[in-house]
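Asker: Below you will find the structure I want to go over with you.
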């Protein structure tokens, strides 16, 4: 778990080093009307952090297999109006959420990592998959923010 915790901390550092140096125009630019801006992607990462923090804390005391619930990603980005939010506030929230998630990840054991989960598509996996998927999801979106991949807006978990 130490490697996964370190990876999450590295991803947080990338975002914290990159985003404050972007201009308002760079942060708010939408490549197309249906695509997210950097601010909206950061907001989506906050929503993802909220849901994954809940998942990581619920799974310990829930009936197994744990049912992973989806959330309305586009609607949450719109409802929270991340496009017009304060960058420092969003970075602070994103950092705090992920610091807590990193702490929870560091506390996982072989037993907890093997907890069975059912994904929204019906596939059965383990908690370790969910953690690794969360990190891959964050990496994907940070790559979008830093313009390493095309800005898309749909995800699965």
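Numbering (the working numbering), first residue to last: 35 to 191.
Virtual Cβ for every residue (Gly too), placed ideally from N, Cα, C.
Could you tell me the distance, in whole angstroms, from the CA atom of residue 63 to the CA atom of residue 179?
Answerer: Start at 1 with the first residue of the chain shown, and residue 63 comes out as number 29. Start at 1 with the first residue of the chain shown, and residue 179 comes out as number 145. Cα to Cα, the separation comes out at about 11 Å.
Asker: Give the straight-line distance between the Cα atoms of residue 60 and residue 101, rounded to the nearest whole angstrom.
Answerer: Mapped onto the chain shown, residue 60 falls at position 26. Mapped onto the chain shown, residue 101 falls at position 67. The straight-line gap from Cα to Cα measures roughly 38 Å.
Asker: With distances taken between CB atoms, is the gap from residue 80 to residue 131 smaller than 8 Å?
Answerer: Numbered from its first residue, the chain shown carries residue 80 at position 46. Numbered from its first residue, the chain shown carries residue 131 at position 97. Cβ distance < 8 Å, so residue 80 and residue 131 count as in contact.
Asker: What is the DSSP secondary structure of residue 189, counted as helix, strand or coil?
Answerer: The sequence position of residue 189 within the chain shown is 155, counting from 1. Model confidence at residue 189 stands at a pLDDT of 45, short of 50, so the residue's coordinates are unreliable; what they give is reported in the following sentence. In the three-state reduction of the DSSP assignment, residue 189 falls in the coil class.
Asker: What does the alpha-carbon distance come out to for the pair residue 160 and residue 69?
Answerer: Stepping through the chain shown from its first residue, residue 160 is reached at position 126. Stepping through the chain shown from its first residue, residue 69 is reached at position 35. Their backbone Cα atoms lie some 32 Å apart in a straight line.
Asker: For residue 140 and residue 77, which I take to be in contact (beta-carbon distance under 8 Å), what is that distance rounded to the nearest angstrom?
Answerer: The residue labelled residue 140 in the question sits at position 106 within the chain shown. The residue labelled residue 77 in the question sits at position 43 within the chain shown. 26 Å between Cβ atoms; not a contact.
Asker: Use the C-beta contact count for residue 144: other C-beta atoms within 10 angstroms, 16 or more gives buried, fewer gives exposed.
Answerer: Within the chain shown, the letter at position 110 stands for residue 144. So residue 144 ends up on the exposed side.
Asker: Using only the alpha-carbon positions, how far apart do residue 95 and residue 89 sit?
Answerer: Mapped onto the chain shown, residue 95 falls at position 61. Mapped onto the chain shown, residue 89 falls at position 55. Approximately 11 Å between the Cα atoms of the pair.
Asker: Just verifying my parser: in three-state terms, what is the DSSP assignment at residue 39?
Answerer: Translated into positions along the chain shown, residue 39 becomes position 5. In the structure shown, residue 39 sits in a helix (DSSP, three-state: H, G or I).
Asker: I need the straight-line Cα distance from residue 92 to residue 168, nearest angstrom please.
Answerer: Translated into positions along the chain shown, residue 92 becomes position 58. Translated into positions along the chain shown, residue 168 becomes position 134. Rounded to the nearest angstrom, the two C-alpha atoms are 16 Å apart.
Asker: Three-state secondary structure (DSSP) at residue 72?
Answerer: Indexing the chain shown from 1 puts residue 72 at position 38. Three-state DSSP puts residue 72 in a helix.
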